[in-house]
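The structure appears right after this line, and notes come after that.
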Amino acid sequence: MSDSNAREHLDAKHERNREQRIEGIKRWVEYIESEPPETWGPQQNAVVNDQLDAAKSVRTSAAHQQHVKDVAAEIIEVRDRSNDDDSN
Numbered sequence: 096m097s098d099s100n101a102r103e104h105l106d107a108k109h110e111r112n113r114e115q116r117i118e119g120i121k122r123w124v125e126y127i128e129s130e131p132p133e134t135w136g137p138q139q140n141a142v143v144n145d146q147l148d149a150a151k152s153v154r155t156s157a158a159h160q161q162h163v164k165d166v167a168a169e170i171i172e173v174r175d176r177s178n179d180d181d182s183n
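The opening residue of the sequence shown carries number 96 in the working numbering; numbering runs sequentially from there.
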């Protein structure tokens, strides 16, 4: 498979995933419009709580957290300099 074909395959996969997410959202909207909040509310809370628990379980070192903060600060600094240059 050439790089071009691989890229096209990946783009198609991303588009299918996007379409599936949109369809899932539409089904959820239909569900919450057809059911009382007492039914779907606890279900939604369970999903959100599980996502929060999963995020908490991913542990990163203090050094890695600092690295992420440093990179973010550098990106902001470069963006701000670029915006300053554009306004002059």
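Note that the Cβ used here is the ideal one computed from N, Cα and C, for glycine as well.
- Measuring alpha carbon to alpha carbon, tell me which of R116, I117, Q139, E118 ends up nearest I95. Absent from the model: residue 95. The displayed extent of the chain is 96 to 183, so no value can be given.
- Message: I'd like the span of the alpha helix (DSSP H) that includes T134, first residue to last.
- Response: Taking the first residue of the sequence shown as position 1, residue 134 is located at position 39. Looking at the DSSP string, the run of the alpha helix (DSSP H) that includes T134 is 132-152.
- Residue range of the unbroken alpha helix (DSSP H) whose run includes S182: Against the sequence shown, residue 182 aligns to sequence position 87. Note, S182: alpha helix (DSSP H), 157-182.
- Work out the CA separation of S156 and D179 for me, nearest whole Å. As a first step, residue 179 must be located in the sequence shown, where it is residue number 84. As a first step, residue 156 must be located in the sequence shown, where it is residue number 61. Near 35 Å, if we compare the C-alpha coordinates of S156 and D179.
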